[in-house]
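Those protein sequence lines, which keep their order, are chains A and B.
Take 1 as the starting number for the first sequence in the numbering used here and just add one per residue.
Take 1001 as the starting number for the second sequence in the numbering used here and just add one per residue.
Beta carbons: idealized from backbone N, C-alpha and C, even for Gly.
Note that the structure is predicted; figures quoted are calculated from it, not measured.
For reference, the structure discussed in these notes is given below.
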Amino acid sequence: MTRYAMVADLRKCVGCQTCTIACKHANGTPPGVQWRWVLDVEAGEFPDVTRTFVPVGCMHCSEPPCMTVCPTTATRQRADGIITIDYDLCIGCGYCIVACPYQARYKTTHLTFAYGETPLPSEQAYQDFGRVGVATKCTFCVDRIDAGLQRGLVPGQDPDATPACVNSCIADALHFGDLDDPQGNVTQLVRAHETFRMHDELGAGPNIFYLWERKSSDDAVG
Amino acid sequence: MMRSVEPRPQTAWDWRAAVQFTCGGAGASLTVFTALAAWQDPAWLRRTGPIAASLVCLGLLAVFAKLGRRWRAFLVILNPFTSWLTREALLAPVLLALGLGAAVLMSRALALAAGGVGLAFLYAQARMLKEARGIPAWRTPAMLWLIATSGLAEGLSLLAIGAAYFGSPGGWLLPALGGLLIARLAVWRAYRRALSAPGAAPVRTVAVLDGMNAVLLAAHAGALASVLAGLAFPGLGGLAALAAGLAGLLGGWYLKFNLVVRAAYTQGFALARTPARTPGYGGPGVKPGWTPPQEQER
């Protein structure tokens, strides 16, 4: 089996938002819609403070709450774990938006552009009325993965089969791959590091793993 | 653009969703009490039955208005296996057909069936909110009881308002209304206590709930005082039923509207640990916008 997952190394992320821009560029999302965010989290009290940059988005959960509540079956889970939305089935009820604990879903009511009512040439190229009035979210660049797989490429290793945000990361903080592959990059990273999954206690089984420290007893992968 | 880390108000479900829960819940519950009232006097089937159906329709219309793709609304029926929204949508036409059929045919049996479907409709509404795992104020188990008891109290309040005009359907009306109002108040207190527990809800949600408390207490006090006045002075029966009904209904609608629109903050974001940086070690986690357990316990 294949189970795609993402790894975000919190020690390395510098909050440059390149992944955010790469996502917007690759998916043509309108203003205000960001399928990939990088949070700026401050913690502690002066002088003992920390600042952590945290990439977030759809966690492609193993037990996705958005899918069970969807009244039209527009939200589905593929065999490889990727959560998809069928824009032709979605009625835009917004139930999945309130069911998602990660605030990963969006609904726009009309086409908007970065500078007023006239779309830029790049926006014109990406205009898709099918995504208006329905729920949208990160797809793990599923089209890119599928096209790459058809060419015999390996997601997470070959850029042409890997999500745009991962390809663009300047700090090597984002990784993507098959968590069921024991020799795969994300499996090795998760095995070698202390990790957590956000809001794990809610039971959705998110598939973005955050690395926060190397395991002291294991020097296998860094 | 930076994103807030703390929980923020959800905006996906606005006042139109609230109308679905207020009007839909009260209407569904009114079918239950219409069936009970009609058991003694079938005339109630044509007095409050159409009002119940109209309220359910108004709720459905409000949902329809908030859909992003309205003309695909019929697709809502595709997931009865796991979605409580689908289940509610499937129950609605059955409820309307049975309720209106009972009124047209003056059939107590149809009215009882409509009442049963009304209860199921109310339960589906409560489950809808409970299954919204992204909203801490909704996903708590106490939410089920709160929506259920409030819906029932609203339906009986509507019947009480009707009784002020048409005459009481029986001596059970005011005691039953009093009992349901006390039950709703008790559930509200339990719900608030559950969400005020350490780490149970965002700070802002708790603040909204605290702000609602005075209004809800006043509404319940007014309604219960009217119930007692009606029981103590039978001559005041109609007036007392009207006052109790209005306070009970508006209190319930205030509760639901605020739960859906104002108290519904998102989960926000949290780190179980902060990362190790060179040189240094990983630190404790952080959950902005949520009161840490030790701070609340002090």
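Contact belief for residue i with residue j at Cβ below 8 Å, rounded distance in angstroms
i, j, result
"A/Leu189", "A/Leu211", "6 Å"
"B/Thr1149", "B/Leu1173", "Contact flag wrong, Cβ pair sits at about 17 Å."
"B/Ile1182", "B/Thr1266", "Contact flag wrong, Cβ pair sits at about 33 Å."
"A/Cys13", "A/Ala164", "Between A/Ala164 and A/Cys13 the Cβ distance is about 16 Å, and since that is not below 8 Å, they are no contact."
"A/Cys100", "A/Pro65", "7 Å"
"B/Thr1274", "B/Gly1282", "6 Å"
"A/Asn207", "A/Met6", "7 Å"
"B/Thr1205", "B/Ala1137", "5 Å"
Proximal chain A residues relative to residue i, where beta-carbon distance stays under 7 Å
i, result
"B/Leu1271", "Val41, Thr52, Val54"
"B/Thr1266", "Gln103"
"B/Ile1182", "Those do not exist, as B/Ile1182 stays about 31 Å from chain A at its closest Cβ, beyond 7 Å."
"B/Asn1079", "Cys70, Pro71, Thr72, Thr73"
"B/Thr1086", "Pro71"
Chain-ordered neighbours of residue i on chain B, where CB pairs are closer than 7 Å
i, result
"A/Gly156", "None at all; the shortest Cβ gap to chain B is about 22 Å."
"A/Glu225", "A query on residue 225 of chain A cannot be resolved here, the shown segment of chain A reaching from 1 to 222 and no further."
Chain-ordered neighbours of residue i on chain A, where CB pairs are closer than 8 Å
i, result
"B/Val1076", "Pro71, Thr72, Ile91, Cys93"
"B/Gly1155", "Those within 8 Å of B/Gly1155 in chain A number zero; the least Cβ separation is about 25 Å."
"B/Arg1262", "Here the premise fails: no neighbours, minimum Cβ distance about 14 Å."
"B/Ala1089", "Pro71"
Identified DSSP bridge partners for residue i
i, result
"A/Ile85", "A/Thr75"
"A/His25", "None; A/His25 has no bridge partner."
"B/Ala1009", "The question names Ala, but residue 1009 of chain B in the sequence shown is Pro. B/Tyr1265, per the DSSP bridge assignment."
"A/Val56", "A/Trp37"
"A/Asp48", "A/Glu45"
"A/Leu211", "A/Asp9, A/Thr195"
"A/Asp181", "Note: A/Asp181 sits in no beta bridge, so no partner."
"A/Tyr106", "A/Thr136"
"A/Leu174", "A/Ala8"
"B/Thr1274", "B/Gly1283"
Short CB-CB distance (under 7 Å) between residue i and chain B
i, result
"A/Cys16", "no"
"A/Val7", "no"
"A/Lys107", "yes"
"A/Gly133", "yes"
"A/Asp218", "With a pLDDT of only 49 at A/Asp218, under 50, the local geometry of the prediction cannot be trusted, and no value is derived from it."
"A/Arg11", "yes"
"A/Trp37", "yes"
"A/Glu123", "no"
"A/Phe209", "no"
"A/Glu213", "yes"
Contact with chain A by residue i, beta-carbon distance below 7 Å
i, result
"B/Gln1010", "yes"
"B/Pro1234", "no"
"B/Asn1258", "no"
"B/Ala1340", "As displayed, chain B neither begins before 1001 nor continues past 1298, which places residue 1340 of chain B out of reach and without an answer."
"B/Trp1013", "yes"
"B/Thr1022", "no"
"B/Val1117", "no"
"B/Ala1073", "yes"
"B/Gly1282", "yes"
"B/Arg1003", "yes"
"B/Thr1205", "no"
Buried versus exposed, by CB contacts within 10 Å (16 or more), residue i
i, result
"B/Gly1289", "buried"
"A/Glu201", "exposed"
"B/Glu1154", "buried"
"A/Tyr115", "exposed"
"B/Phe1233", "exposed"
"A/Met1", "exposed"
"B/Arg1087", "buried"
"B/Ala1037", "buried"
"B/Ser1004", "exposed"
"B/Ala1253", "Note on identity: in this sequence residue 1253 of chain B is Trp, with Ala being the wrong assignment. Burial call: buried."
"B/Leu1105", "exposed"
Chain B contact residues for residue i, given Cβ-Cβ distances below 8 Å
i, result
"A/Leu202", "Arg1133, Gln1267"
"A/Ala99", "Glu1131, Ala1132, Arg1133, Gly1134"
"A/His199", "Gln1267, Ala1270"
"A/Glu117", "Going along chain B, no residue has its Cβ under 8 Å from A/Glu117, so there is no contact; the nearest lies around 21 Å."
Proximal residues of chain B, C-beta to C-beta of residue i below 9 Å
i, result
"A/Phe196", "Leu1271, Ala1272, Arg1273, Gly1285"
Partners in chain A for residue i, counting only beta-carbon separations shorter than 9 Å
i, result
"B/Ser1083", "Thr68, Val69, Cys70, Pro71, Thr72, Thr73, Tyr95"
"B/Leu1067", "Ile91, Gly92, Cys93, Gly94, Gly133"
Under 8 Å by beta carbon: chain C residues contacting residue i
i, result
"A/Arg3", "Among the chains of the structure shown, chain C does not appear; the protein chains present are A and B."
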